[in-house]
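Notes to accompany the following structure.
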Amino acid sequence: METENDKYTSGLQPTQVAWVVKDIGKSKIFFQQMLGISNFSPTFTVSVKNYDATYYGQPSDAVSFLAMAYTGGTFIEIIQPISGKSIFKDYIDHNPSGGVQHITFSTPVANLNNVISEYESKGYSIVSSFDTPIAKIVFFDTREEIGVFTEIMGITKEGEKAVEEMKIALGQQ
577 METENDKYTS GLQPTQVAWV VKDIGKSKIF FQQMLGISNF SPTFTVSVKN
627 YDATYYGQPS DAVSFLAMAY TGGTFIEIIQ PISGKSIFKD YIDHNPSGGV
677 QHITFSTPVA NLNNVISEYE SKGYSIVSSF DTPIAKIVFF DTREEIGVFT
727 EIMGITKEGE KAVEEMKIAL GQQ
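Take a look at the structure:
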């Protein structure tokens, strides 16, 4: 039976699969040579302190390399943690070979607090968050249930435009 809160999560859209890796360059080559995904963005550096990031409720100063591709209707994200405390650094420390670390679902930013409330009402707390101009992002620890973290992106109006631009720039293959 659907609860009042369930109506807020039923509209979540699958958006992205993210790998945390120890060598982003090698990973991009693998995706290109073995899976035919050659439209990755140039690798860029993300410093989360620029986005009011949190790590288990505390400010985060993590830095990572990141690259993205868009294929098959889904964003593919590759993250290589460089420094600082983050769930990405934790992941690579416990899984030195790397792997799928999170899956992402999106919702309009106006719905994000409702989604957060539903997750929290079911016992999931926010383990990490970022506040960017294109999305408010929260991570929940759903590893026990599905083996990976769940990221929810509350997409802003600027974000809707940016996502469409990324889809075009990274092009469907």
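In the numbering used here, the protein residues as written are 577 to 749.
The beta-carbon is built from N, C-alpha and C at its ideal position, and this holds for glycine as well.
- Between the C-alpha atoms of Leu-688 and Asp-666 there is a straight-line separation of about 26 Å.
- Your pair Ile-655 and Ala-594 checks out as a contact, with CB atoms roughly 6 Å apart and the cut at 8 Å.
- The beta-bridge partner set that DSSP reports for Tyr-646 consists of Phe-651.
- Between Ser-636 and Lys-661, the C-beta spacing is below 7 Å.
- If the five residues before and after Lys-712 are omitted, its C-beta is found closer than 8 Å to the C-beta atoms of Val-685, Leu-688, Ser-705, Phe-706, Met-729, Gly-730 and Thr-732, all from its own chain and listed in chain order.
- Gly-735 places its beta carbon less than 7 Å from that of Ile-710.
- Residue environment: Ser-603 is assigned as buried (16 or more neighbouring CB atoms within 10 Å of its CB, all protein chains considered).
- Glu-727 is bridged by DSSP to Thr-680 and Phe-715.
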